[in-house]
Amino acid sequence: MYAYDDLDRTLINERVEEFRDQVKRRLSGELTEDEFKMLRLQNGVYLQLHAYMFRVAIPYGTLSSTQLRRLAHVARRYDRGYGHFTTRQNIQFNWIKLAELPDALADLAEVGIHAMQTSGNNTRNVTSDQWAGVAPGEIEDPRIWSELVRQYTTLHPEFSFLPRKFKFAITASAHDRAAIKIHDIGLRLHKNAQGETGFEVLVGGGLGRTPFIGKTIKPYVAGRDLLSYVEAILRVYNQYGRRDNIYKARIKILVHELGIEKFAREVEDEWLAMRDSALTLDDADIEDVRSRFSYPAYDKLPHMPEELKKAAHDPLFERWRKNSVFTHKVQGYAIVTLSLKPVGGPPGDATADQMDAIADLADRYSFGEIRVGHEQNLALPHVARRDLPALWKALDKIGVATPNVNLVSDIIACPGLDYCSLANARSIPIAQELTRRFANHDTADLIGRLHINISGCINACGHHHVGHIGILGVEKNGEEFYQITIGGRADENAELGALIGPAVPYGDVADVVEDIVEAYLALRARPDELFVDTVKRLGVEPFRERVYATR
Amino acid sequence: MTSPLEQKIKITGPSMVTANRTRDGVVIYRTAARDWSTDLSDAAIVRTADEARALLVESVADDVGAVGPYIAPVEIRENGKIKPGNLREHIRSQGVTIDLPVPA
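Protein chains in written order, with the numbering used here: chain S, 4 to 554; chain L, 620 to 723.
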């Protein structure tokens with residue numbers, strides 16, 4: 004966990020009081036909506052279909068049990084008893100009243116949570132690997148660098164009015180769980196030939212109306228130069244990024260239009276003029292941030308404790324363990340993913356009661372720490388393997404032990420037209436129906452890893468472009484239709500999916516997905532060939548034939 | 620962002636003006652009494668672009684009470700009952716189409 008200092012706490016508290024005054028002036032009519040809109044957006048407050056939506060930042064997806072309990076409190080006290088974890092490791096509350104928002108923010112500030120830069124044309128919440136600090140083989144904890152970038156970009160005056168929003172993601176593992184290639188800046192920690200730690204810097208990734216996979220702009224930037232290099236990128240973007248057309252304003256369009264070589268030259272020129280500036284990080288700067296992350300005092304524990312051997316006779320436990328428990332860097336411990344994708348449930352939602360219970364379980368079994376993944380699941384990052392049977396029973400009791408992690412019913416979905424003012428079509432009911440169709444765990448295991456991502460509009464909050472199966476809701480003559488893509492992926496081999504054919508109506512989507520999955524099972528070269536690899540090998544055509552032959 | 624009053628108003632059937640209430644975001648409808656109601660059946664119905672513009676102009680003027688007024692289609696049933704004219708307005712009027720994680 005990262006411990007805030009007095010500066011952080013003062014900044015957050017001052018921000019609450021500033022926003023309290025702004026809300027008061029809005030409600031009295033002193034501020035018009037035109038004047039107020041940007042102020043509320045800078046504090047994570049949107050207006051959706053039914054109410055205000057309040058997006059709260061969870062930097063790099065790390066929460067303490069105290070913070071999760073406070074989120075539960077906000078859900079219960081100010082909302083309708085639940086929250087929605089998003090694809091950017093944030094949480095959203097859907098029914099907040101503007102008049103009560105300052106109190107909600109003040110309650111959150113007491114535990115070091117805020118909503119700054121969860122909206123608006125600025126640098127957004129820095130996301131990272133939800134297994135940061137515990138993943139085997141990790142170069143080092145990427146949250147140290149995520150926090151440095153967070154501190155540097157928070158309320159940065161030069162980058163508070165960018166052409167469009169700007170998103171960072173950082174990973175330090177060979178397997179990318181942070182989807183860095185679909186971010187404006189993706190940073191991959193690695194070691195150079197001299198064994199020094201630095202970053203591969205990718206730029207111009209993003210989804211939305213015009214999706215692009217990020218391109219490497221510089222293969223190695225030393226840690227000390229990270230902030231100056233990032234600033235050079237942001238300056239070039241700030242100078243040349245388009246402000247005349249919202250649809251062409253993201254950095255991905257600039258990179259595409261200039262070409263990565265020209266863009267890289269511009270950045271390099273900017274950087275060379277400023278690299279040895281106050282932004283250069285010295286060891287003390289880095290150590291200062293590193294020292295404010297605390298790590299558990301792990302015990303020396305056996306890999307295969309008696310409790311685990313005994314529980315292995317229970318097939319239900321074994322199914323969950325094989326699906327949701329992952330290797331930890333410390334022997335005797337495990338990372339446990341908590342599925343927020345129950346059969347028939349809205350993906351990513353958690354009730355206040357569940358949040359409280361998870362916070363209690365984190366205290367008991369995970370040194371008080373919880374992680375949020377961009378796949379809209381939670382994780383307990385430090386669980387002793389001897390505790391897995393007891394933890395499983397407790398998680399099952401509160402409905403977060405569905406053994407479907409990374410399987411076909413572990414669906415990413417945006418709120419869609421049920422909540423969102425931008426959406427053209429619903430996402431959640433489609434996801435719910437698919438989880439019912441694939442509720443049989445034996446079938447899901449047989450299918451293997453398969454990511455379905457659903458967005459209710461072209462803005463792609465549900466990451467449909469990079470779903471193994473992507474579903475995009477569109478509106479045609481007042482009816483909901485859905486375009487289906489296959490072959491996308493968001494990991495280190497990120498690719499955009501390819502459209503399989505004409506959009507299908509709402510009522511046909513689940514049937515189409517079933518057809519695609521059945522085609523895959525018939526076409527795969529061997530049982531362990533993943534869906535996405537079969538699509539890569541064969542292309543879209545056999546799937547298109549299967550889906551449209553009878554339609 | 621273009622003001623709703625700067626946009627060309629084109630309606631193809633009976634319409635109303637809807638917005639969200641400033642203090643809590645609740646969906647509201649402009650009434651013939653120049654007020655707002657949370658009940659769609661209270662909405663003032665307009666049938667021409669000029670009527671729609673006039674209703675929108677007075678709605679936008681209430682910047683303290685309402686956020687983002689816009690014109691939306693409605694259906695008028697044979698019994699005179701007003702129904703939302705599209706799925707978006709149906710969801711705004713009737714609520715989400717799914718069960719909420721915590722029953723109200």
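Beta carbons are placed, not taken as given, at the ideal position from N, Cα and C, and that holds for glycine.
Just so you know, these numbers come straight off a predicted model, no measurement behind them.
- Task: Could you tell me whether the segment 675 to 685 of chain L touches the segment 633 to 640 of chain L, where touching means 3 or more Cβ pairs closer than 8 Å?
- Result: yes
- Anyone know if the C-beta pair for residue 456 of chain S and residue 473 of chain S falls short of 8 Å? yes
- State buried or exposed for residue 418 of chain S, treating a residue as buried only when at least 16 other CB atoms are found within 10 Å of its CB. buried
- Collapsed DSSP secondary structure at residue 462 of chain S in the structure displayed: coil
- Query: At least one CB of chain L closer than 8 Å to the CB of residue 244 of chain S: is that the case?
  - Reply: no
- Would you list the residues sitting across from residue 655 of chain L in a DSSP beta bridge? L/649
- Task: Would you verify that the beta carbon of residue 548 of chain S is, or is not, closer than 8 Å to some beta carbon of chain L?
- Result: No, its Cβ sits nowhere closer than 8 Å to a Cβ of chain L.
- Item | Neighbour-count burial assignment, residue 361 of chain S, 16 or more Cβ in a 10 Å radius | Under this definition residue 361 of chain S is a buried residue.
- Using the beta-carbon of each residue, which ones in chain S are nearer than 9 Å to residue 645 of chain L? 53, 54 and 100
- Reference residue 2 of chain S; option with closest CA among S/92, S/447, S/487 and S/471: This structure leaves residue 2 of chain S out entirely; chain S is present only between 4 and 554.
- Query: Which residues mark the beginning and the end of the alpha helix (DSSP H) in which residue 639 of chain L is found?
  - Reply: From DSSP, residue 639 of chain L is part of no alpha helix (DSSP H) but of the beta strand (DSSP E) over 634 to 640.
- Name the chain L residues whose beta carbon is nearer than 9 Å to that of residue 30 of chain S? 641, 642 and 683
- Less than 8 Å separating the beta-carbons of residue 82 of chain S and residue 93 of chain S? no
- Skipping 5 residues on each side, what residues in its chain have a beta carbon closer than 8 Å to that of residue 431 of chain S? 349, 350, 416, 418, 419 and 421
- At a CB-CB cut-off below 8 Å, which residues of chain S make contact with residue 687 of chain L? 36 and 50
- Message: Considering just the uninterrupted stretch of the beta strand (DSSP E) at residue 237 of chain S, what are its terminal residues?
- Response: That residue, residue 237 of chain S, is in no beta strand (DSSP E); its alpha helix (DSSP H) goes 229 to 243.
- Quick one: what does DSSP say residue 419 of chain S is sitting in, helix, strand or coil? Residue 419 of chain S: helix per DSSP, three-state reduction.
- Query: By the criterion of Cβ-Cβ separation under 8 Å, what are the contact partners of residue 723 of chain L in chain S?
  - Reply: 83
- Query: Under 8 Å Cβ-Cβ, which residues of chain L neighbour residue 481 of chain S?
  - Reply: 705 and 706
- Message: DSSP has residue 116 of chain S in a bridge; who is on the other side?
- Response: Looking at the DSSP assignment, residue 116 of chain S forms no beta bridge with any residue, so it has no partner.
- Message: According to DSSP, simplified to helix, strand and coil, what is residue 164 of chain S?
- Response: coil
- Query: Given residue 308 of chain S, which residues of its chain have a CB within under 7 Å of its CB, disregarding the five upstream and five downstream residues?
  - Reply: Excluding sequence positions up to five before and after residue 308 of chain S, its CB lies within less than 7 Å of the CB of 388 and 389, all in the same chain and listed in chain order.
- Query: If you follow the alpha helix (DSSP H) that residue 432 of chain S is part of, which residue opens it and which one closes it?
  - Reply: 431 to 440
- Can you tell me which of S/90, S/70, S/103 and S/115 puts its alpha carbon nearest to the alpha carbon of residue 7 of chain S? S/115
- Task: Please name the residue, chosen from S/522, S/61, S/339 and S/297, that lies closest to residue 365 of chain S on a Cα-to-Cα basis.
- Result: Scanning S/522, S/61, S/339 and S/297 for the CA closest to the CA of residue 365 of chain S turns up S/339.
- When the Cα atoms are used, what is the spatial distance from residue 241 of chain S to residue 10 of chain S? Take the alpha-carbon of residue 241 of chain S and the one of residue 10 of chain S: they are about 28 Å apart.
- Endpoints, beta strand (DSSP E) assigned at residue 688 of chain L: 685 to 695
- Item | Host alpha helix (DSSP H) of residue 41 of chain S (start-end) | 36 to 44
- Can you grab the Cα-Cα spacing for the pair residue 255 of chain S / residue 245 of chain S, in whole Å? Straight-line spacing of the CA atoms in residue 255 of chain S and residue 245 of chain S works out to 11 Å.
- Item | Coil, strand or helix - residue 327 of chain S by DSSP | Of the three classes helix, strand and coil, the one that applies to residue 327 of chain S here is helix, per DSSP.
- Hey, how far is the Cα of residue 275 of chain S from the Cα of residue 125 of chain S? 24 Å
- For residue 467 of chain S, count neighbouring C-beta atoms within 10 Å of its own C-beta (all shown protein chains included) and say buried if the count is 16 or more, exposed if not. buried
- Does the distance from the CB of residue 347 of chain S to the CB of residue 446 of chain S come in under 8 Å? Contact flag unset, no.
- Message: Do residue 504 of chain S and residue 64 of chain S have their beta-carbon atoms positioned less than 8 Å apart in this structure?
- Response: no
- Where the beta strand (DSSP E) through residue 384 of chain S begins and ends: Where residue 384 of chain S is concerned, the enclosing beta strand (DSSP E) stretches over 381 to 387.
- Check the C-beta distance from residue 107 of chain S over to residue 57 of chain S and give it rounded, since I have them as a contact under 8 Å. 7 Å
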